[in-house]
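Taking it in order: structure first as structure tokens, then the write-up.
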Amino acid sequence: MPDGDAAERDRLLLTRTRQYDGQPYLIPAVGTNTRGLHPLMSWWAVLHTLSMFARYEPSDWARCIAVASSPFAVPIEELLTTAINVAPRLVAAAIDEVNGPMPKLGKAS
């Protein structure tokens, strides 16, 4: 493949992917969008759904997170543990994307 074709392919891939945790990911587009959801929106949708489930179906939620009896408990725990680490970084990256990076605060003199 000639170099021009590889560069063109890379440009096309960048228009179809989203950066997530330093890597490009192909995330499905929803509706008429040509690009997939922003990773922050994807996480928000998952966490919002889980919070609504926990709030409005507490007995079902309790059954789902019962480690001794539910096959969903450990995956939910892993998902929420990952979210604790990932969500703040995604929020900060989204703020930087819109506003530009915040200046580093130095020690007071």
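Counting along the sequence shown from 1, when you hit position 90 you're at 140 in my numbering, and nothing is skipped either side.
Each residue gets a CB set at the ideal place from its N, CA and C atoms; glycine is no exception.
Each residue's CA atom was taken as its position, placing Pro78 and Ala133 some 20 Å apart.
Per DSSP, Pro121 is not a residue of any alpha helix (DSSP H), being assigned neither H nor E. By the criterion of a C-beta distance shorter than 8 Å, Phe122 is surrounded in its chain by Cys114 and Ile115, once the five residues flanking it on both sides are discounted.
Residue pairing from DSSP places Tyr70 in a beta bridge opposite Gln73. In this model, Asp55 and Leu76 are separated by some 20 Å (Cα to Cα). Residue pairing for Gly81: DSSP places it in no beta bridge.
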